[in-house]
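Shown next, in structure tokens, is the structure this report addresses.
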Ligand SMILES: [Fe+2]
Ligand SMILES: [Fe+2]
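In the numbering used here, the protein residues as written are -17 to 227.
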């Protein structure tokens, strides 16, 4: 194929894709609509259904890296980068900096509720067990103060959830479990370096963490999503969130 033919083929593929029917996953709309009611299908008028890249989204490289997901699929990652930088400044070890950099990726690009658990699962095949453990349990530790490291119950949570909010029983259970665990402090350090207020005067670049990520995240050579790890499908769903099946 000549360059022109290739360009034309790519253009044709794009316009074909634009014609695809998109049906949203139930979780997108649950609450806005009753999940017991059958999903309303747009009239397909003989069109094909979305089975891959959604042309409304930036296209990801063939073998995406963690940073590619930061760039193309995660919302503004300032919170993550600022918290990783604070950890660095506070003299934390690389495992804590790594954990801080990805501790909220579920919020940034996947699913909010139970984000610590989702985030831990996403990175589990690629980081030290201690790092994913810390990410999982920061979910629970956030709600409980630890005066020994100067961590208070976040004032922001009073504003967000009300003064009488009580964490769910499973969060309390996981807190009690984590409190007595040998990696407790690693997870607690995520909370300590977790900044609530985004400071617009602090500009952090992802590239500041290239070396730490290189040493602490086992980037699969096939690309995230294509390496058959236990969380590869989750990365693919972030990449192709509207795939029909
Ligand atoms: Fe978090
Ligand atoms: Fe956070």
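We put the beta carbon where it would ideally sit given N, CA and C, even for glycine.
Note that the coordinates shown come from a computational prediction; the quantities given were computed from them, not determined experimentally.
Beta-carbon separation (whole angstroms), residue i vs residue j, contact threshold 8 Å
i, j, result
"residue 68", "residue 175", "5 Å"
"residue 17", "residue 8", "5 Å"
"residue 188", "residue 52", "6 Å"
"residue 48", "residue 206", "7 Å"
"residue 104", "residue 217", "7 Å"
"residue 66", "residue 90", "Rounded, the Cβ-Cβ distance is 13 Å, inconsistent with contact."
Same chain, Cβ closer than 7 Å to residue i, five either side skipped, listed in chain order
i, result
"residue 100", "88, 92 and 93"
"residue 184", "64"
"residue 72", "175"
Residues that DSSP places opposite residue i in a beta bridge
i, result
"residue 12", "15"
"residue 31", "3"
"residue 133", "128"
Test item: CB-CB of residue i and residue j under 8 Å
i, j, result
"residue 119", "residue 127", "no"
"residue 78", "residue 168", "yes"
"residue 153", "residue 122", "yes"
"residue 2", "residue 30", "yes"
"residue 219", "residue 32", "no"
"residue 36", "residue 42", "no"
"residue 106", "residue 12", "no"
"residue 208", "residue 45", "yes"
"residue 124", "residue 136", "yes"
Beta-carbon contacts of residue i that lie in its chain and below 6 Å, excluding the five residues immediately before and after
i, result
"residue 85", "117, 120 and 172"
"residue 113", "77, 80 and 81"
"residue 115", "165"
Other residues of its chain near residue i: CB distance less than 8 Å, five sequence neighbours each side excluded
i, result
"residue 74", "82, 171 and 175"
With a threshold of 8 Å, are at least 3 pairs of Cβ atoms found where one atom belongs to the stretch 201 to 211 and the other to the stretch 139 to 155? no
Does the count of Cβ pairs from the stretch 152 to 162 and the stretch 22 to 31 closer than 8 Å reach three? no
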